[in-house]
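What follows is one structure encoded as structure tokens, with my remarks underneath.
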């Protein structure tokens, strides 16, 4: 069971990193994009996104910055420079 969860988390990380390799995004934008691309298959996993983003930011894989978008402050995520060089 623990191995399954670890494997699923690695898959989720890969999906997030793939999205962010295209452009910087905020959390809800990632959810909308994944729902659209995966035809709502991502629906059940939406709750795991923010803890995953926070973990990836904490371990230095992602950077974040705040910026206004349509009158609201959004927290955007990007791949850390070291991670981009490894790809």
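Residue numbers (full-length UniProt numbering): 1 to 87.
Glycine included, every Cβ here is placed at the ideal spot set by N, Cα and C.
These figures come from a predicted structure and were not determined experimentally.
Where does residue 18 sit, in a helix, a strand or coil, going by DSSP? helix
Residue burial classification, residue 25 (beta-carbon count within 10 angstroms, cutoff 16): buried
Who are the Cβ neighbours of residue 3 in its own chain at under 8 Å, not counting the five residues just before and after it? Low confidence applies to residue 3: its pLDDT is 46, below 50, so where it sits in the model is not reliable, and the reading given next is rough at best. Correct list: empty, nothing qualifies.
Identify which residue in 58, 35, 59, 31 has its Cα closest to the Cα of residue 49. 31
Contacts around residue 78, its chain only, beta-carbon distance under 7 Å, and the 5 residues preceding and following it disregarded: 20, 24, 62, 63
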